[in-house]
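Okay, so here's the structure we're looking at.
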Amino acid sequence: KDSIARFYIHDVALKAKYPELSWKITTEPEGIKFNYKNTSLIVLLNQEDYKITVSKKTADDETVLDEIVANNGKLTCHDGEFNIDEVDDYLAKCFATLLD
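For the sequence shown, this note's numbering gives the first residue as 1, with consecutive numbering after it.
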């Protein structure tokens, strides 16, 4: 959650103003939800399954964009191995889908 909050504060908020953008931390399930117009980007943290799920939700549909899974000390996502050092770029790509 901290990486996502830092990304929002340092990357999104400093680069542009989105008057219709809001965000909140969720507790059940644990995660962060960005809302822009009628679309939400939802990042859920499932510590029991060692998984982070990123989804996009509209009034008509909810689509899982990606899942990051920890298994045997390695992180993988839909594109293959996930490098934690690239988390800001990854979040920027996810956030861009919210603005589409």
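Using N, Cα and C, we set each Cβ at its ideal position, and we do this for glycine too.
In this text, all values refer to a predicted model and were calculated from it rather than measured experimentally.
Check, Outcome
"Reference residue 58; option with closest CA among 68, 36 and 72", "36"
"Residue 100 versus residue 72: straight-line alpha-carbon distance, rounded", "35 Å"
"Opening and closing residue of the alpha helix (DSSP H) in which residue 97 lies", "87-99"
"Alpha-carbon spacing of residue 65 relative to residue 25, whole angstroms", "19 Å"
"Run of the beta strand (DSSP E) containing residue 37, from where it starts to where it stops", "It is not in any beta strand (DSSP E) - residue 37 carries neither H nor E in the DSSP assignment."
"Inter-residue Cα distance where the pair is residue 31 and residue 23", "11 Å"
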